[in-house]
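A.B. asks: Counting the sequence shown from 1 gives a position; the numbering used here is that position plus 458. Just so you know, even glycine gets a beta-carbon here, dropped at the ideal spot from N, CA and C.
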Amino acid sequence: MIEVANASVVVGGRSVLRDLDLFVAAGECVALVGENGAGKTTLIRMLAGELHPYSGSVRIAGYDTSTHVNEVRYRIGVVPHANGLYPLLTVEEHLLFFGRLYGLGHRTLRGRIDELLEVADLVSRRRDATATLSAGMARRLGVVCALVHEPLVLLMDEPTDNMDARSRDRLYAMVQRAKAARCAVVTSTHDPEDVRQIADRIVGLQHGLASVAREIRLVGVESCGA
């Protein structure tokens with residue numbers, strides 16, 4: 459579902475990612491780990507088509523992110539690290555807005571909204587303005603907005619940052635449901651619990667040397683400290 463071949467990214471004249479290879483299958487979750495500045499967010503932005511590789515190639519569901527940006531964006535859901543929600547819109551209005559952006563019909567969208575609000579434990583807040591939500595609730599809303607169109611690929615940048623335990627559990631449940639539906643997931647994280655709960659593989663980016671990315675396939679809980 460995700461194919462990165464010998465990709466490099468240069469930002470501001472500095473090489474941030476270099477000669478990177480990454481392959482993620484449908485239904486698989488890869489966790490990106492590494493120090494601040496190692497290139498995790500840059501990699502997610504490259505996968506989302508926001509940054510084009512200086513060399514090499516990136517394909518999402520067979521589409522090159524440099525030449526078929528629109529096709530790629532209809533097939534991905536993105537949860538950025540910064541809250542990109544609109545404070546005056548209600549929870550339900552967010553899902554209606556994003557669902558319509560992706561061309562979902564009224565009946566399909568209504569069914570998806572009810573389902574996602576239940577999974578995210580936001581049913582009781584559906585008519586509340588986003589500005590009234592806690593940080594964890596807003597984060598969960600951001601995830602369901604990314605999932606409303608049933609993307610083939612879900613990209614998340616430190617989604618559990620500043621989340622309480624209940625919100626993390628709900629997010630893990632949403633990711634597991636997405637994986638069961640054959641969605642490929644890439645998430646950056648500093649939290650070992652994220653790795654334990656949802657990751658099938660770890661890709662470690664070394665600070666300043668993304669070209670030496672190492673993959674550690676998870677065998678069990680014991681391998682999460684690798």
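Drop a sphere of 10 angstroms on the beta-carbon of proline 650, count the other beta-carbons inside from all chains shown, and report buried for 16 or more, exposed for fewer.
C.D. replies: The residue in question, proline 650, is exposed, as its Cβ has fewer than 16 Cβ neighbours within 10 Å.
A.B. asks: Can you tell me whether threonine 525 is buried or exposed, with buried defined as 16 or more other CB within 10 angstroms of its CB?
C.D. replies: The residue is exposed, with fewer than 16 neighbouring Cβ atoms inside 10 Å.
A.B. asks: For glycine 678, is the classification buried or exposed, using 16 other Cβ atoms within 10 angstroms of its Cβ as the cut-off for buried?
C.D. replies: Per-residue confidence for glycine 678 stands at a pLDDT of 42, beneath the threshold of 50, marking its modelled position as unreliable; no derived number is given.
A.B. asks: Do leucine 663 and alanine 506 have their CB atoms nearer than 8 Å?
C.D. replies: Cβ distance not < 8 Å, so leucine 663 and alanine 506 don't count as in contact.
A.B. asks: DSSP on arginine 570, reduced to helix/strand/coil?
C.D. replies: Arginine 570: helix per DSSP, three-state reduction.
A.B. asks: Strictly by DSSP, which residues pair up with cysteine 487?
C.D. replies: BP columns for cysteine 487 point to Val643.
A.B. asks: Who are the Cβ neighbours of leucine 547 in its own chain at under 8 Å, not counting the five residues just before and after it?
C.D. replies: Once the five neighbours on either side are set aside, the close Cβ partners of leucine 547 are Phe555, Ala587 and Thr588.
A.B. asks: According to the neighbour-count rule (16 or more other Cβ atoms, all chains shown, within 10 Å of its Cβ), is valine 581 buried or exposed?
C.D. replies: So valine 581 counts as exposed.
A.B. asks: Check the DSSP bridge columns for glycine 470 and list the partner residues they point to.
C.D. replies: Answer is none; glycine 470 lacks a bridge partner.
A.B. asks: Would the stretch 625–642 count as touching the stretch 599–617 if we require 3 or more Cβ pairs under 8 Å?
C.D. replies: A contact exists between the stretch 625–642 and the stretch 599–617.
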